[in-house]
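Chains as they are written, first to last, in our numbering: chain A, 2 to 329; chain B, 311 to 593.
The beta carbon of each residue, even a glycine, is placed where N, CA and C say it ideally should be.
Small disclaimer: the values here were computed from a predicted structure and weren't measured.
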């Protein structure tokens, strides 16, 4: 301690001590919060590393063949990821085909059609859909929606679309109610609140002068939406779609109930299938060999990779509009 | 004199009406789905409600019972998960809002955190299985707690970050000008000012983890007995509902529906309360 500092310390002992403790406190506090922030990074990095490590035996044992093999034979210990990957992609595609137009409609209704007093309650009701736990969707799907599909929708689809060339193969088979079509539709309902809330927020960001200009030129309300608001907010709308896709790809419990967990490769959307998440949820605790468990973890790693990329794209797309608005 | 509208105008108006009509129909579909799901849960769950749910444990097949062990197990694991995840989340959010702001490190973390927010929770389950269950050799409530805390973490980080950034800069300057060290300013000025928003984040996080099934499947697993010991496998509502719903026994189905009703009510009331709190707090 230098002389001057000692003298100052003697003159105002309490104050100096407190100031020093403040500086030390700040350093500790800064380190603490930075550490906590680092833990967030570690959570993702650690998850990726741990799952890769767990799946490594399967990747090494089967090589690239793991990705394209349709085998899934716990007895002969031969595993491939093709059927679950196909199931995940197809159910998510069905979910997007059903959820994107409906979410768009809801967003348009909430911003352009509904009278002011109706917007709050309807918006809140749609957001309630996001609050329902996914296992509840699964139970509803298994006990209510799957029988409904089997009795009322699938026979009709088979007679109507079954005879068509190419397309017919998708709707071939007995109306079980359990299968990729039912799973995909339930996923669609689940992601509607996420996509529609992004789309609604994006529509609300469209600058007022643009709206006024459109109306001033005599545009109808729909022309305002389709010719002005959609082009203006295109990237952010796509971001919302990708966010929904990321959710749909990784959703587990809802599809586990209604997919039927069958590792057979089928073109038909009406037959039981499986997805990455459903296969892991159904079989992980029953995996009786090291390579079986490792194959399931390897599937988990693939799911992690796919969703990471999709969600990162979603985030980047949505950030572009935010940046244009200057509210990063 | 008004001219009669041309056919072009008529067509444009027809398209307008059709499109807006379809948008209203889409909204109606969403509301129908919500009503259908809630009605199913209420109708099936209400018939299975009764005091035995809270006084008896999950039964073996073929006998009567309740959900006591699962309710207690879920409460313990959710509580511990919140205790573990909230402080870390609040501190990390503080870093983003107060110290990081626009630094590259903070931007990266914000990005990663938003991805964690929507990442599949089953992957979290696998992660915790790898780092806790596998090395320790058995499933345990503590592994479940860690998995739930990991799901909660990004929710709390985000809400803390967003609410702290809304606190006016003048409050910070006033506290610092009075000679308060930075950390005291954060604890005594920022946190009280941002209390409502941060609490909302935690409540939404609790709502989220109370319904999470996938991360518990291979961490806490299940336990058919009543247990307070988090070092052992622990019964919990989501996994019990999952196993009972997929079983062939009618008595188990009834319990699954009752559990589903309790869980849905709890989760929805919590999220509605959180949103209401946010609205009254910010007004």
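Suppose you measure from the CA of residue i to the CA of residue j; what does that come to, to the nearest Å?
| i | j | result |
| --- | --- | --- |
| residue 431 of chain B | residue 364 of chain B | 29 Å |
| residue 138 of chain A | residue 228 of chain A | 36 Å |
| residue 559 of chain B | residue 371 of chain B | 7 Å |
| residue 350 of chain B | residue 435 of chain B | 29 Å |
| residue 116 of chain A | residue 205 of chain A | 15 Å |
| residue 546 of chain B | residue 47 of chain A | 26 Å |
| residue 417 of chain B | residue 474 of chain B | 16 Å |
| residue 407 of chain B | residue 504 of chain B | 12 Å |
| residue 282 of chain B | residue 533 of chain B | Nothing can be reported for residue 282 of chain B, as the shown portion of chain B is limited to 311 through 593. |
| residue 38 of chain A | residue 422 of chain B | 11 Å |
| residue 11 of chain A | residue 496 of chain B | Confidence is the limiting factor: at residue 11 of chain A the pLDDT is only 45, short of 50, which leaves the residue's position unreliable and the question unanswerable from this model. |
| residue 253 of chain A | residue 519 of chain B | 15 Å |
| residue 330 of chain B | residue 202 of chain A | 18 Å |
| residue 86 of chain A | residue 309 of chain A | 15 Å |
| residue 587 of chain B | residue 389 of chain B | 21 Å |
| residue 164 of chain A | residue 259 of chain A | 26 Å |
| residue 312 of chain A | residue 94 of chain A | 16 Å |
| residue 332 of chain B | residue 106 of chain A | 7 Å |
| residue 626 of chain B | residue 133 of chain A | Residue 626 of chain B is absent from the structure shown; chain B starts at 311 and stops at 593. |
| residue 557 of chain B | residue 563 of chain B | 7 Å |
| residue 150 of chain A | residue 343 of chain B | 14 Å |
| residue 328 of chain A | residue 321 of chain A | Because the pLDDT of residue 328 of chain A is 47, which lies under 50, any placement of that residue in the model is unreliable, and the question is left without a value. |
| residue 53 of chain A | residue 387 of chain B | 27 Å |
| residue 457 of chain B | residue 394 of chain B | 10 Å |
| residue 400 of chain B | residue 573 of chain B | 26 Å |
| residue 175 of chain A | residue 240 of chain A | 37 Å |
| residue 362 of chain B | residue 373 of chain B | 13 Å |
| residue 297 of chain A | residue 499 of chain B | 49 Å |
| residue 425 of chain B | residue 42 of chain A | 11 Å |
| residue 310 of chain B | residue 366 of chain B | The requested residue 310 of chain B is not part of the displayed model; chain B covers only 311 to 593. |
If the cut is a Cβ gap below 9 Å, which residues of chain B does residue i touch?
| i | result |
| --- | --- |
| residue 60 of chain A | Chain B residues near residue 60 of chain A: none, gap ~15 Å exceeds 9 Å. |
| residue 236 of chain A | Those within 9 Å of residue 236 of chain A in chain B number zero; the least Cβ separation is about 16 Å. |
Please list the terminal residues of the continuous alpha helix (DSSP H) segment that includes residue i.
| i | result |
| --- | --- |
| residue 498 of chain B | That residue, residue 498 of chain B, is in no alpha helix (DSSP H); it is neither H nor E in DSSP. |
| residue 472 of chain B | 451–476 |
| residue 559 of chain B | It is not in any alpha helix (DSSP H) - residue 559 of chain B carries neither H nor E in the DSSP assignment. |
| residue 483 of chain B | 479–487 |
| residue 192 of chain A | 181–205 |
| residue 66 of chain A | 66–69 |
| residue 287 of chain A | Where residue 287 of chain A is concerned, there is no enclosing alpha helix (DSSP H), given that its DSSP letter is neither H nor E. |
| residue 354 of chain B | 317–358 |
| residue 416 of chain B | 414–428 |
| residue 243 of chain A | 235–251 |
| residue 156 of chain A | 155–162 |
Please report the Cβ distance between residue i and residue j, rounded to the nearest whole angstrom; I am assuming they are in contact, meaning their Cβ atoms lie under 8 Å.
| i | j | result |
| --- | --- | --- |
| residue 162 of chain A | residue 273 of chain A | About 19 Å; that fails the 8 Å criterion. |
| residue 81 of chain A | residue 70 of chain A | 2 Å |
| residue 412 of chain B | residue 513 of chain B | Between residue 513 of chain B and residue 412 of chain B the Cβ distance is about 29 Å, and since that is not below 8 Å, they are no contact. |
| residue 101 of chain A | residue 111 of chain A | Actually they are not in contact, since the Cβ atoms of residue 101 of chain A and residue 111 of chain A sit about 16 Å apart, beyond 8 Å. |
| residue 171 of chain A | residue 269 of chain A | 6 Å |
| residue 354 of chain B | residue 567 of chain B | 4 Å |
| residue 280 of chain A | residue 135 of chain A | Contact flag wrong, Cβ pair sits at about 16 Å. |
| residue 465 of chain B | residue 511 of chain B | 6 Å |
| residue 264 of chain A | residue 275 of chain A | 6 Å |
| residue 247 of chain A | residue 428 of chain B | 5 Å |
Can you name the residues of chain B whose CB is closer than 7 Å to the CB of residue i?
| i | result |
| --- | --- |
| residue 305 of chain A | 433 |
| residue 31 of chain A | 409 |
| residue 114 of chain A | 330, 333 and 334 |
| residue 37 of chain A | 398, 401, 402 and 405 |
Which bits of chain A does residue i rub up against, with CB to CB less than 8 Å?
| i | result |
| --- | --- |
| residue 440 of chain B | 51, 52, 54, 55 and 298 |
Name the chain A residues whose beta carbon is nearer than 9 Å to that of residue i?
| i | result |
| --- | --- |
| residue 429 of chain B | 45, 48, 247, 251, 305, 308, 309 and 312 |
| residue 531 of chain B | 286 |
| residue 467 of chain B | 37, 38 and 41 |
| residue 548 of chain B | 134, 136 and 254 |
Run down chain B in chain order and give the residues with a C-beta less than 8 Å from the C-beta of residue i.
| i | result |
| --- | --- |
| residue 27 of chain A | 491, 492 and 493 |
| residue 42 of chain A | 418, 419 and 422 |
| residue 301 of chain A | 432, 433 and 436 |
| residue 34 of chain A | 401, 402, 404, 405, 408 and 409 |
Taking 7 Å as the cut-off, is the beta-carbon of residue i closer than that to any non-hydrogen atom of the ligand NAP?
| i | result |
| --- | --- |
| residue 404 of chain B | Annotation note on the ligand NAP: not contained in the displayed structure, which lists no ligands. |
Chain B contacts from the segment 121–144 of chain A (Cβ-Cβ distance under 9 Å): 123, 125, 126, 127, 128, 129, 130, 131, 132, 133, 134, 135, 136, 137, 138, 139, 140, 141, 143 and 144
Using a Cβ-Cβ cutoff of 8 Å, what residues of the segment 222–255 of chain A are near chain B? List them in chain order. 222, 223, 224, 226, 227, 244, 247, 248, 250, 251, 252, 253 and 254
For the segment 259–287 of chain A, which residues have a CB atom closer than 7 Å to at least one CB atom of chain B, in sequence order? 278, 281, 282, 285 and 286
Listed from N- to C-terminal order along the chain, which residues in the segment 174–200 of chain A have their beta-carbon within a distance smaller than 7 Å of any beta-carbon of chain D? You won't find chain D in this structure, because its protein chains are A and B.
Would you list, in chain order, the members of the segment 95–111 of chain A that have their beta-carbon closer than 9 Å to a beta-carbon of chain B? 102, 103, 104, 105, 106, 107, 108, 109, 110 and 111
Which residues of the segment 572–587 of chain B have a Cβ closer than 9 Å to any Cβ of chain A? Give them in chain order. Taking 9 Å as the Cβ-Cβ cut-off against chain A, the residues of the segment 572–587 of chain B that qualify are 573, 574, 577, 578, 580, 581, 582 and 585.
Between the segment 384–396 of chain B and chain A, which residues of the former have a C-beta closer than 7 Å to a C-beta of the latter? none
Contact set between the segment 356–383 of chain B and chain A, restricted to residues whose Cβ is under 9 Å from the partner: If the cut-off is 9 Å between Cβ atoms, the segment 356–383 of chain B has nothing near chain A.
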